[in-house]
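Participant:
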Amino acid sequence: MGEPYTIRILVPDGDPESAKVVELLNWTGVGVAFPRLAWTKVRSRPEFAQSGVYVLIGSAEGTDDELHTVYIGQSDEIGKRIEGHDKEKNFWEWGYCFVSKGNALNRAHITWLEYALLERAKQANRCHLNNANQPKQPGLSESDLADTQGFLRELLRILPLLGVHVFEKAKPVATPGTAVAPAPTDNPADVRDTVVVPAQEPGFTNTFLGEHAWDAIRIGGGMLKKIKYIAVSNRSRTSSDALRKGRSDRTVW
């Protein structure tokens, strides 16, 4: 279990669905979360004139899953980069930027943070990355690396509280081959234990058959302990392939 921590969230315009400024106690960083629709209102904030990293998140198009599309970037003046993305990138709906108080992050720091976030997103495999290029890991001194790793650690503690989980490895609902005891229920006749999902290639072959898993299923919290099977509807396959004991371990953020 991790250590307890405290964050402070400021809602500048009083609308909980709009921009939020996030600070962590005893942390030198500041985070700003904002919906794209509010960009014209928040772009004049001083944080966007600083160097830092940012994450843009939105719905994926043209895929057979519900994983979100994510773009990760960095800039010496992140507001200018986001302004460009507002004109050129259609997918994103929310933006999250992180800077340091006093503008203490230099180009090497933010390049390392961009590199580290991209690596974590790839390992978690819970989104479609919109980045065309992968930056190389920059060389940092031992002290600079320790400071930047600390900044990343606090950044990653804030994002889940804002509903962003694309950098976390998903936990399996059930493990293939492991018996799952039925969850207690007020209705003994309720024996629902299977999720049925539509499938297309290559997801059916690579994920369902190859990994005994499936991508991004929304399951109500009360049903999680009951699920033992994932069934797939795919007319091009035989029915014997369409029922697997497995897990839905790639849930959405």
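Okay, so the sequence shown: first residue is -19 according to this note's numbering, each after it adds one. C-beta: ideal position from N, C-alpha, C; glycine also.
#1: Roughly how many angstroms lie between the CA atoms of Val22 and Ala(-1), to the nearest whole one?
#2: Between Asn86 and Gln30, is the Cβ-Cβ spacing less than 8 Å?
#3: Do Ile207 and Val175 have their C-beta atoms closer together than 8 Å?
#4: What is the DSSP secondary structure of Asp195, reduced to helix, strand or coil?
#5: Taking just the CA atoms, how far does Ala13 sit from Glu(-3)?
#6: Beta-carbon within less than 6 Å of Gly226's beta-carbon, same chain only, minus the 5 sequence neighbours each way: which residues are those?
#7: By Cβ distance below 8 Å, which residues in the same chain neighbour Thr218 in space, the five residues on each side in sequence not counted?
#8: Since Leu135 contacts Gly9 with CB under 8 Å, what's their CB separation in whole angstroms?
#9: For the alpha helix (DSSP H) holding Trp19, just list the boundary residues, first then last.
#10: Answer yes or no: the CB of Gly53 versus the heavy atoms of the ligand FAD, is any distance below 7 Å?
#11: What residues in its chain sit with their C-beta under 7 Å from that of Ala96, if we drop five residues either side in the sequence?
#12: At the level of alpha carbons, what is the spacing between Glu57 and Gly183?
#13: Locate the alpha helix (DSSP H) running through His89, then write down its first and last residues.
#14: Can you name the start and end residues of the beta strand (DSSP E) that Phe14 belongs to?
#15: Gln54 and Glu94 - do their beta-carbons sit closer together than 8 Å?
#16: On the CB-based measure, 16 or more other CB atoms within 10 Å of its CB, does Thr(-14) come out buried or exposed?
#17: Would you mind giving the Cβ-Cβ distance between Val50 and Asn110, rounded to the nearest angstrom? I have them listed as a contact below 8 Å.
#18: Check each candidate in Pro115, Lys67, Ala179 and Ile37 and name the one with the smallest Cα separation from Trp74.
#19: At the level of alpha carbons, what is the spacing between Asn113 and Pro(-8)?
#20: Using only the alpha-carbon positions, how far apart do Ala150 and Arg106 sit?
#21: Please tell me whether Phe78 and Gly11 are closer than 8 Å, where the distance is taken between their beta carbons.
#22: Just to confirm the assignment, what range does the alpha helix (DSSP H) spanning Gly130 have?
#23: Roughly how many angstroms lie between the CA atoms of Ser80 and Ile90, to the nearest whole one?
#24: Do the CB positions of Asp195 and Leu47 come within less than 8 Å of each other?
#25: Excluding the 5 residues flanking Val33 on each side, which residues of the same chain have their C-beta closer than 6 Å to its C-beta?
Facilitator: Let me lay it out:
#1: 7 Å
#2: no
#3: yes
#4: strand
#5: 10 Å
#6: The predicted model places Gly226 with a pLDDT of 48, which falls under 50 and marks its position as unreliable, so this point remains unresolved.
#7: Because the pLDDT at Thr218 is just 48, under 50, the model does not fix this residue reliably, and the value given afterwards should be weighed accordingly. Nothing meets the Cβ criterion.
#8: 7 Å
#9: Trp19 to Val22
#10: This structure lacks the ligand FAD, and indeed carries no ligand of any kind.
#11: Leu132
#12: 39 Å
#13: Arg87 to Ala104
#14: Gly9 to Pro15
#15: yes
#16: exposed
#17: 6 Å
#18: Ile37
#19: 35 Å
#20: 8 Å
#21: yes
#22: Glu122 to Ile138
#23: 10 Å
#24: yes
#25: Gln54, Phe78, Ile90, Leu93 and Glu94
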